[in-house]
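See below for the structure under consideration.
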Amino acid sequence: MGISGISRRNAGLAAVGSLIAAPALLRSTAAQAQATPAAAQAPGFYRFKVGEALVTTVHDGFFARPLEGFVRNAPLAEVQEAAGAAFLPIDRQVIPFTITFVQRGDTLVVFDTGNGVTPAGATNGRMIANMAAAGIDPARVTHVIFSHFHGDHVNGLLNASGGRAFPNAQVLVPAPEWAWWTEASNETRSPEGQRGNFANVARRFAPYRGSVTPFAMGAEVVTGITAVAAPGHTPGHTIFRIADGAGQMMFVADVTNRPEIMMAHPDWQIVFDFDGDTAAATRRRVLDMVATDRIRITGYHFPFPANGYVTRAGNGFRFVPADWSSAV
Ligand SMILES: [Zn+2]
Numbered sequence: 005m006g007i008s009g010i011s012r013r014n015a016g017l018a019a020v021g022s023l024i025a026a027p028a029l030l031r032s033t034a035a036q037a038q039a040t041p042a043a044a045q046a047p048g049f050y051r052f053k054v055g056e057a058l059v060t061t062v063h064d065g066f067f068a069r070p071l072e073g074f075v076r077n078a079p080l081a082e083v084q085e086a087a088g089a090a091f092l093p094i095d096r097q098v099i100p101f102t103i104t105f106v107q108r109g110d111t112l113v114v115f116d117t118g119n120g121v122t123p124a125g126a127t128n129g130r131m132i133a134n135m136a137a138a139g140i141d142p143a144r145v146t147h148v149i150f151s152h153f154h155g156d157h158v159n160g161l162l163n164a165s166g167g168r169a170f171p172n173a174q175v176l177v178p179a180p181e182w183a184w185w186t187e188a189s190n191e192t193r194s195p196e197g198q199r200g201n202f203a204n205v206a207r208r209f210a211p212y213r214g215s216v217t218p219f220a221m222g223a224e225v226v227t228g229i230t231a232v233a234a235p236g237h238t239p240g241h242t243i244f245r246i247a248d249g250a251g252q253m254m255f256v257a258d259v260t261n262r263p264e265i266m267m268a269h270p271d272w273q274i275v276f277d278f279d280g281d282t283a284a285a286t287r288r289r290v291l292d293m294v295a296t297d298r299i300r301i302t303g304y305h306f307p308f309p310a311n312g313y314v315t316r317a318g319n320g321f322r323f324v325p326a327d328w329s330s331a332v
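Here's what the structure looks like:
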């Protein structure tokens, strides 16, 4: 009679099992199974190459807030329709955080630093644990490069005791971003919801005094990594082109929040935008560029593993996740 349905299924499972059962993975999942509830996810990291550079995206968890009030210049019903069309919740906006690392030779760069130490039970603050799972030691990070200074991007500069989470790193910051948030007289000229950033920036950067270097727009900040101005979300919001040999990608930071909603509606302005009109103009310009040039991108608030491509769709754009099987 040949192979029964059941044994064919078993054979299939065995094949899948042998594919993923690399010894290191087996050890970490066994240890995790004992330590975490059944519903917990596996460690979140993902790798791909750009030329000879190794890119790793590391998940830091997520944050949820009401969908109402998230978009400033569209009625809630339209935003709910966009969320529903993307199979996202329509009562809340779930915002993931994923950090991009680039390793080339002895140089290990991290773009932004995640939420840092968060209270027990928080749905974010997973970055350090997931870095460990990925084999990335914070002491090996040579450069921390910032896109902008919102708390979810800079809070991870500090470790649990308030010291340097990246003890050996140079900290490279966009010059216009540094200038804005370190000048106290700008506080009253900032939108009300952004004023807390002044005190937070002072606190988070304090242990790095002497290790912070501002860079100009257009500068090659580290070999192969070039700063590209992308203002609006904050005054000095910056994105980065990463090139190695014939390979290139861009880290587009917060040019869009969740791409499922914001690429379809690039003119929408979100509650976290410092200057919504400028942010929307930047969004269209950057999405148009990466769509035209077919450049792979990572984004800070994209669905994990937070990398893929952009294509035009109607009056806006659409995010196309990169193929898993093309990894490394
Ligand atoms: Zn952000």
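The numbers in the numbering used here rise by one with no breaks, and the one at position 33 of the sequence shown is 37.
In this text, a Cβ means the ideal position worked out from N, Cα and C, and glycines have one as well.
It should be emphasised that the depicted structure is a prediction, and the values quoted were computed from it without experimental measurement.
Problem - Bridge partners - Y313, DSSP secondary structure assignment - result: In DSSP, Y313 forms a bridge with V324.
Exercise for the section: Verify whether the separation of the beta carbon atoms of G236 and D279 is less than 7 Å. Expected result: Closer than 7 Å, so yes.
Problem - Those residues, in chain order, that have a beta-carbon closer than 7 Å to some heavy atom of ligand 1 - result: In chain order, the qualifying residues are H154, D156, H157, D258, F276, Y304, H305.
Exercise for the section: Output the boundary residues of the beta strand (DSSP E) element that contains D248. Expected result: That run of the beta strand (DSSP E) goes 242-248.
Exercise for the section: Pull up the distance between the alpha-carbon of S194 and that of R287, whole angstroms please. Expected result: If you draw a straight line from the Cα of S194 to the Cα of R287, it comes to about 21 Å.
Practice task
State the Cα-Cα distance for the pair H241 and A285, rounded to the nearest angstrom.
Solution key: Their backbone Cα atoms lie some 13 Å apart in a straight line.
Handout entry: Boundaries of the beta strand (DSSP E) in which R108 is found, first to last residue
Key = 96-108 is the span of the beta strand (DSSP E), which, as asked, contains R108.
Exercise for the section: Excluding the 5 residues preceding and the 5 following P171 in the sequence, name in chain order all residues of the same chain whose CB lies nearer than 6 Å to its CB. Expected result: Only A143 meet the Cβ criterion.
Problem - Endpoints, the alpha helix (DSSP H) within which T111 is located - result: Following the DSSP letters along the chain, one finds T111 in no alpha helix (DSSP H) but inside the beta strand (DSSP E) bounded by residues 111-115.
Exercise for the section: Could you check if P178 is buried or exposed, using at least 16 other CB atoms within 10 Å of its CB as the buried criterion? Expected result: By the 16-neighbour rule on beta-carbons within 10 angstroms, P178 is buried.
Exercise for the section: Measure the C-alpha to C-alpha separation of A283 and A233 and round it to an integer number of angstroms. Expected result: Rounded to the nearest angstrom, the two C-alpha atoms are 11 Å apart.
Exercise for the section: Measure the beta-carbon distance from G48 to V62 and round it to whole angstroms, keeping in mind my assumption that it falls under 8 Å. Expected result: The beta-carbon separation of G48 and V62, rounded to 7 Å, stays under the 8 Å limit for a contact.
Handout entry: C-alpha gap between L112 and V145, whole angstroms
Key = In this model, L112 and V145 are separated by some 5 Å (Cα to Cα).
Practice task
Spatial neighbours of T127 within its chain, please: CB distance less than 6 Å, with the 5 preceding and 5 following residues excluded, ordered by chain position.
Solution key: The residues are G65, F66.
Practice task
Closer than 7 Å by C-beta to F209: which residues in its own chain qualify, once you throw out the five before and the five after it? Chain order, please.
Solution key: Only L161, V216 meet the Cβ criterion.
Practice task
Note down, in chain order, each residue of its chain lying with its Cβ closer than 7 Å to the Cβ of G167, except the 5 sequence neighbours on either side.
Solution key: The beta carbon of G167 lies closer than 7 Å to those of P211 in the same chain, with the five residues before and after it left out.
Problem - Reduced DSSP secondary structure (H/G/I, E/B, other) of A86 - result: Helix, per DSSP.
Exercise for the section: Could you tell me which of T102, N159, D110, H157 sits nearest to M135, measuring between CA atoms? Expected result: Considering only alpha carbons, the answer is T102.
Problem - Which of helix, strand or coil DSSP assigns to M267 - result: Coil.
Practice task
Under 8 Å Cβ to Cβ from L92, same chain only, skipping five residues before and after it: list those, please.
Solution key: Contacts found: V98, R262, E264, I265.
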